[in-house]
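Trainee: When you number the sequence shown by our numbering, it's gap-free, plus one each residue, and the end is 460. Where is the CB? At the ideal position from N, CA and C, for every residue including glycine. This structure is a prediction, so every number in the text was calculated from the model and none was measured.
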Amino acid sequence: MNIEDFRDYCLLKAGVTEETPFGPSTLVFKVSGKVFALTDIDTFNSINLKCDPERAVELREQHDYVLPGFHMNKKHWNTVLIGTGVSNGQLQELIDHSYDLVRASLPRKQREELANSEQEGL
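#1: So is Glu431 in contact with chain C if we call contact Cβ pairs under 8 angstroms?
#2: Taking buried to mean at least 16 other C-beta atoms within 10 Å of its own C-beta, is Asn416 buried or exposed?
#3: With DSSP run on the structure shown, which of helix, strand or coil describes Ala352?
#4: Compare the beta carbon distance of His409 and Lys388 with 8 angstroms and say whether it is the shorter of the two.
#5: Sort out for me which residues DSSP pairs Asn386 with in a bridge.
#6: Which residue comes first and which comes last in the alpha helix (DSSP H) that contains Pro391?
#7: Buried or exposed: Phe462, going by 16 or more other Cβ atoms within 10 Å of its Cβ?
#8: For Lys447, which three-state DSSP category applies?
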């Protein structure tokens, strides 16, 4: 997966915006204002993704390309190394998990608005 494929995949999801709040080289994806993915635009050698704490540990034990989140809360975030054996399908699954986890933590009204926007898009 390259940076454009990553961007396109994240932006397909309901309520997602992209920003560079930490400087011009750090691309951040948010759902309803909450971060679910971030990467370095210049290198695109890793992606930080939110993860269920138990699953985060399992993924780190199972895959060399999954590390504790760099500059993030290591209990809730993983860093996934790009180009080190992770397939596009696996990466998409991890992005989906991160998005779904953050989306589920939103207030009910925001979750309903996202669901409605998805229905309108069908």
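Mentor: With the given structure in hand:
#1: Going by chain labels, chain C is absent from the structure shown, which holds only one protein chain.
#2: buried
#3: coil
#4: no
#5: Leu376 and Thr417
#6: Pro391 to Gln400
#7: A query on residue 462 cannot be resolved here, the shown segment of the chain reaching from 339 to 460 and no further.
#8: helix
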